[in-house]
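Heads up, the thing below is written out as structure tokens.
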Amino acid sequence: MDLNPAQRDAVTTPSGPLLVLAGAGTGKTRVVTYRIAELIRRRVRPARILAVTFTNKAADEMRERALALIGRKLRARPEISTFHSLCVRVLRRHARRLGYPDAFAIYDRGDQEGVARGALREIRAGDGLLRPGELIWRIGRWKTASVRPDRAAATAHTDKDHLAAAAYRRYQNTLRTQGAVDFDDLLLLTEELLQGFPEILEAEAGRFDHLLVDEYQDTNAVQYRIVKALAAGHRNLCVVGDDDQSIYGWRGAEVAHILRFKRDWPEAKVVRLETNYRSTREILAWANRLIAFNKLRHDKRLRCARRGDKPRILQCENEAEEAKAVVGEIAERVRARKRKPRDFAILCRTNEQPRAFETELRQAELPYVLVGGMSFYDRKEVRDLMAYLKLLAKPRDEAALLRVINTPARGIGQTTVQKLTETAVGAGKPVWDVLGRAGRMGGVPDAAREGIRRLRELITRYREQSKHVPLAKLVRGLVEELGYRDELARIYRNPDDRDARLAAVDELLASVGAYAERTPRPTVGGFLQQVALSTMDDDRDKEAKLQRNAVVLMTLHAAKGLEFPEVYMVGMEEGLLPHHRAVSEGGGAVDEERRLCYVGVTRARQRLTLSLALSRQKWGKARPTQPSRFLYELTGQADNPNYLAAIGKRARTGPTKAGGAAQRRASSGRR
DNA sequence: GACTCGAGTCCCGCC
DNA sequence: GACTCGAGTC
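Count along the first sequence from 1, then add 280; that gives the number in my numbering.
Put into structure tokens, the structure is as follows:
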């Protein structure tokens, strides 16, 4: 084993609780994978080992590395999955006990918005006091704190809180009647099962003898309790984490869990990893300097050996120029055969940033993969078709039905929809169940009546067909019969726009086809669940994806746990990193942004470039930007008046004309 | 009921 | 810029 003494210590520590405190690039994931291999060597059955990660990408990588170590021939494999996938599997087995159907639906952000909108309408809060987005955010906060709908009102202080609490109750009722759960529910319901049913806890905890948790600093309270419940019996719990990389505070992660570990597991062994093998000394110097600005942290300084180039700062006129410059550089280095496309990562703060880079990458004919960012499934046309698929799986899916009840237009207007909804609410039934009565309802125009009949007939017929017609063929036929392509062509007159939307329809059809091909018994419901979790549980698919020699484009959050020879961190501006929401929130929010920046910087092995645009489009207007405060911190310019201005302290010296220009040059790096 | 137009709002990140 | 909502018109 080519491990250093500390790593070896962590890997070979006998069973029992183990806490690995590790800095960035010290081989955390390596320790987990080697430990899995070591356990198997010690005759632990692979299937009795469970390793949990936070992102799909991290799970993919870990699975890949573990298989490389233990050999692909093993029939039984260790289970390596994200928290949420793990919970889905537990829930699939026991959801009935909580009154949910086996084939519960998982609602994503878009679905949630539909439900939230309905809930707000029901309590007549449509005057804008509380909008769907904010409601979802508030519900998320309640859920991560395990506050149930009936208890939420007790925590309310303002009118808005009470309104949100009432909407939360409606929201949760809607989910329940639709047999659906949101992402937070996946965790909450799993915990409920484990706490409330001893036999379920016994069965689920009994599936594994060893539990390993990567990125432990990012567990929230619910995840923490699930881990505890699963490991309490065998106590073979190995957690690995770094407080400097805690970047999920916004969804309830608490660094405290990592500190509390020793108290909950008193016999736990603690191993520290402090030698960084990933990055050059120069990159690490910047990272260390940056993270030192956070006050609340365990002071640690990463040691390292390798030397390399100093990181660079690239200053561009606007975001288009930024994309051009970055992609141009990558293309040049690939052409000069210095690097392969897969050696590069472009890291962004938000999901909106990649667009400009995608355009450039396509133009440069560089292969790329966009990791995460549900953007494809956020598209209107994709959501429409997905809604139809949801109706096929479950006609009582209210959100889906209301979305497409008149798409493509079939004469069912708002008044009719309202009438239907009222009748349904009055009868305590889902809208689908009262569609049959529409013929007898007063005040429904003939056209609407006919439209309702056609829709009902269409869904019923395709549901029937779904029992024997192959999935891909079924969906193709549905799109055809809906005349959805024609509808798109009618609405979007602009050819580029139209083609892009038609292409998205084709892409969706292709992904249904791919799913059907690799799944033994493909179903509409199965496809929907997979999309909701955006997991592709097929090894072939995964290997193909990882081997694809492509530039990786993703958010900083998604990049955690990964590494690349060359990293471009783009959009290094106030408002983006740190994000303006974090800045206005105050408190520890900016510290978390700093950790996020730290995570990005430490992804780079040899070459790091930070870029910024002097002006950036926001909401349709180009606006001037200000360099990120982190650029000053990274480069040791905390005494720069521009920095003090950025962090809101009064500059000690007012910038003069000449001085301003000089500082601008200084802030863009010296090289 | 369908369509157009203007006003107002908006999204941070992941599963 | 993109989207939704409401008002107004056909």
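Backbone N, C-alpha and C fix where the C-beta goes; we use that ideal spot for every residue, glycine too.
Same chain, Cβ closer than 8 Å to residue i, neighbours up to 5 away in sequence not counted
i    : result
I403 : L443, A446, A447, R450
R577 : D523, D524, I571
V606 : L594, I626, F637, E640, Y848, V850, T889, S891
L455 : Y387, V395, V461, D462, D465
V714 : L700, T703, A704, A707
K620 : V614, N829
Contacting residues, own chain, Cβ-Cβ under 6 Å from residue i (five flanking each side not counted)
i    : result
G529 : E872
L788 : V662, L665
E797 : none
I480 : H374, L473
P675 : W712, I739
R428 : none
P858 : V870, E873
Assigned exposure category for residue i - 16 Cβ within 10 Å defines buried
i    : result
E760 : exposed
D498 : buried
T313 : buried
S864 : exposed
L710 : For clarity, residue 710 is Pro in the given sequence; the question names Leu instead. Buried.
D817 : Legend: pLDDT at D817 = 41, less than 50; position of this residue unreliable, no value from coordinates given.
R828 : exposed
G928 : exposed
A567 : buried
P591 : buried
K337 : buried
Q633 : buried
E853 : buried
D464 : buried
T695 : exposed
R741 : exposed
Q287 : buried
A536 : exposed
T438 : exposed
M834 : buried
V370 : buried
D340 : buried
R887 : buried
Backbone CA spacing between residue i and residue j [nearest angstrom]
i    : j    : result
S895 : P904 : 4 Å
Q595 : E602 : 8 Å
R622 : A830 : 4 Å
T457 : L474 : 23 Å
V785 : V881 : 37 Å
L283 : W545 : 26 Å
S295 : C367 : 25 Å
G841 : G716 : 53 Å
A327 : L924 : 55 Å
L782 : V792 : 16 Å
R418 : T703 : 30 Å
Y772 : T701 : 30 Å
H837 : Q392 : 22 Å
P285 : A348 : 22 Å
T293 : K660 : 52 Å
R421 : G379 : 24 Å
Y648 : K618 : 17 Å
R820 : G521 : Reliability fails at R820, whose pLDDT of 39 lies under 50, so the model's placement of it is uncertain and no value is given.
T309 : D489 : 20 Å
D589 : A302 : 25 Å
Reference residue i, options the options, closest by Cα
i    : options                : result
L492 : D779, S361, C367, Q698 : S361
E359 : F384, I316, G880       : I316
D999 : Q897, A689, E318, R343 : Residue 999 is absent from the model: the chain starts at 281 and stops at 951.
N453 : R861, A434, D430, F463 : D430
A600 : I610, N574, L582, R635 : R635
Y657 : E341, R389, T293, T309 : R389
P750 : E471, L808, R801, E767 : R801
R690 : L671, L735, L669       : L735
A862 : A728, G723, I527       : I527
E737 : L762, V724, G722       : L762
Proximal residues to residue i (C-beta, below 7 Å), its chain only, five neighbours per side dropped
i    : result
R397 : P412
G805 : A383, A673
L564 : N556, L582, C584
K541 : Sequence inspection shows Phe at residue 541; the Lys mentioned does not correspond to that position. The answer, listed in chain order, is L299, V519, A548.
M885 : Note that residue 885 is Arg in the sequence shown here, rather than Met. Excluding residues within five positions, the ones whose Cβ falls inside 7 Å are R558, S559, E843, F844, P845.
Run through the stretch 798–868 for me and flag every whole alpha helix (DSSP H) of 4 or more residues, listed as ranges in chain order. 804–813, 819–827, 836–839, 860–865
Check: What are the uninterrupted segments assigned as alpha helix (DSSP H) that are 4 or more residues long and contained completely in the stretch 388–470, given in chain order?
Finding: 389–402, 412–424, 429–432, 439–457
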